[in-house]
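Using UniProt numbering, the final residue of the sequence shown is 352, and nothing's skipped along the way. Glycine included, every Cβ here is placed at the ideal spot set by N, Cα and C. Single-structure report; data block below.
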Amino acid sequence: MTAPIIYEDTIESIDLIDDNVLVGPNYDILTKHIMPGGLEVPPIGLGSSDDLKKNDNQKISQFLNAIESGYRLIDTAYKYDNQRHLGLAIRQLMDTTNITRNDLIVVTKVWSTFHTRERAFENVKMELQDLQFDYSDFGLIHYPISITPHESNPREYFTYSANGSIQTPYPQRDVGYLEAWRGLEAAERLGLVKYIGLANFNIHQIKRILSVAVVKPVVVQVECHPLYRNDKLTNWIKAHNMSVMCYSPLRKCSPELVNNNVLQEVADKHKRTVYQVSLRWNMQRGHIVIPRSFDKHHQKENLDSLNFALDQQDMDKINAIPQLQKIIYPGNLLPISMPSHPDYPFGEDDDN
Numbered sequence: 001m002t003a004p005i006i007y008e009d010t011i012e013s014i015d016l017i018d019d020n021v022l023v024g025p026n027y028d029i030l031t032k033h034i035m036p037g038g039l040e041v042p043p044i045g046l047g048s049s050d051d052l053k054k055n056d057n058q059k060i061s062q063f064l065n066a067i068e069s070g071y072r073l074i075d076t077a078y079k080y081d082n083q084r085h086l087g088l089a090i091r092q093l094m095d096t097t098n099i100t101r102n103d104l105i106v107v108t109k110v111w112s113t114f115h116t117r118e119r120a121f122e123n124v125k126m127e128l129q130d131l132q133f134d135y136s137d138f139g140l141i142h143y144p145i146s147i148t149p150h151e152s153n154p155r156e157y158f159t160y161s162a163n164g165s166i167q168t169p170y171p172q173r174d175v176g177y178l179e180a181w182r183g184l185e186a187a188e189r190l191g192l193v194k195y196i197g198l199a200n201f202n203i204h205q206i207k208r209i210l211s212v213a214v215v216k217p218v219v220v221q222v223e224c225h226p227l228y229r230n231d232k233l234t235n236w237i238k239a240h241n242m243s244v245m246c247y248s249p250l251r252k253c254s255p256e257l258v259n260n261n262v263l264q265e266v267a268d269k270h271k272r273t274v275y276q277v278s279l280r281w282n283m284q285r286g287h288i289v290i291p292r293s294f295d296k297h298h299q300k301e302n303l304d305s306l307n308f309a310l311d312q313q314d315m316d317k318i319n320a321i322p323q324l325q326k327i328i329y330p331g332n333l334l335p336i337s338m339p340s341h342p343d344y345p346f347g348e349d350d351d352n
């Protein structure tokens, strides 16, 4: 059994209920993301994609700082290998403050090596065990691609054939992720997840899910930022009554975004940062954003994007920024051989 991790700093009293950051005129003009059953999801949360350079205490600190700053929505995934850290952080807060599990909205994701009904259901239970939770609020399929699981190591996220291609148990298209969806539906029916959804799916793949789903997806995670608006996909998702949750909304703070003249002009006008303008633009398009940050100052800076508003002229200027390719692509955070997978979602003809 893994030894418990102890966060070294003192945790001050926290009261999310009295936090005023999620109320006020600049918040009220944003789209309300209200799920069936009444759960309202805030328009900004904390992304927490894996960072191998961070140690255990830094990972716990990331979550403690975010919750202390006022975040209620936390995005996690089995592949990020940080759900244990979030669980420990929340347990410490519950023991030392008035925070309860119900104050927080937690997203989990089934990984691609668990694409059978039984294994997807089992992956949900594994995530809950790491989190020390009875349920997660959202359970998503992380990618539509299905990967043959490693024989002995469930934390081996990719397995490869001799020719370097990703091994898949399903050579046919549109099989594995539909099986995984059945597993998520079972988890939802048993109360292990409250809502289910998708990540990194294209329009064709979402249509396939909708054509067989007993429980419909309520949210889809996609890459979306001022340099990659992803308009066709995000507009289609919203038109079909699902919420868009944007990962990498700051394009991983790339120089192309940070030094963009249009974003800087709008930021100067409002006496804000390029990061805040980028997040606010996405939220005013009706999206949920989940920027990642380990730094408490940057977490607060991102959250402060709730406290001002862009006018239509600002929105039009940002919408006219020339577009670049995705920041998440094979060779950059994804295996170079991924496009050869039958369910690779980001091809030129896949409406993504």
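Can you check which of these residues, the options, is closest to residue i by C-alpha distance?
i, options, result
"E107", "Y247, R173 and F158", "The question names Glu, yet the displayed sequence has Val at residue 107. Among Y247, R173 and F158, the Cα nearest to that of V107 is on Y247."
"I105", "I290, H270, D311 and A239", "I290"
"T113", "D103, M126, S146 and L86", "S146"
"Y157", "H115, R91 and F121", "H115"
"D316", "P226, Y344 and H85", "P226"
"D314", "P171, N261, V193 and K238", "N261"
"G49", "F63, G37 and L39", "Reading off the sequence shown, one finds Ser at residue 49, where the question assumed Gly. Among F63, G37 and L39, the Cα nearest to that of S49 belongs to F63."
"A309", "H33, R285 and S340", "R285"
"M35", "H150, K109 and I288", "I288"
"F138", "E301, L39 and K296", "L39"
"L73", "D268, L52 and R292", "R292"
"R208", "A186, Y195, N235 and A180", "A180"
"K194", "T159, G37, R117 and S254", "G37"
Is it the case that the Cβ atoms of residue i and residue j are separated by a distance below 8 Å?
i, j, result
"I67", "L30", "no"
"V220", "G197", "yes"
"P249", "S278", "yes"
"L257", "V274", "yes"
"V124", "L192", "yes"
"L303", "S69", "yes"
"E127", "Q83", "yes"
"Q264", "S305", "no"
"K252", "I327", "yes"
"A77", "K32", "no"
"H297", "T168", "no"
Measuring only the C-alpha atoms, how far is residue i from residue j?
i, j, result
"Q325", "T97", "44 Å"
"M338", "D95", "44 Å"
"V21", "N307", "Residue placement at V21 is flagged as unreliable, the pLDDT there being 42, under the threshold of 50; the coordinate-derived value follows with that caveat. Rounded to whole angstroms, V21 to N307 spans 8 Å at the Cα level."
"N230", "L333", "19 Å"
"L233", "Q299", "28 Å"
"V23", "V41", "Confidence at V23 is low in this model, with a pLDDT of 48, below 50, so the placement of that residue should be treated as unreliable; the coordinate-derived value is given next. Cα to Cα, the separation comes out at about 13 Å."
"I44", "A162", "43 Å"
"I203", "P144", "12 Å"
"W281", "E188", "33 Å"
"I60", "A89", "6 Å"
"M242", "T148", "30 Å"
"I336", "Y344", "12 Å"
"V212", "R173", "15 Å"
"F201", "N57", "33 Å"
"M283", "S152", "42 Å"
"T159", "D268", "48 Å"
"Q129", "R117", "19 Å"
Per DSSP, residue i forms a beta bridge with which residues?
i, result
"M338", "Partner(s): none; M338 has no beta bridge."
"H297", "Looking at the DSSP assignment, H297 forms no beta bridge with any residue, so it has no partner."
"C246", "V222 and V289"
"G139", "T108 and I196"
"E40", "I34"
"N332", "Y329"
Can you check the stretch 56–95 for any beta strand (DSSP E) of at least 3 residues that lies completely inside it and give the ranges in chain order? 73–75
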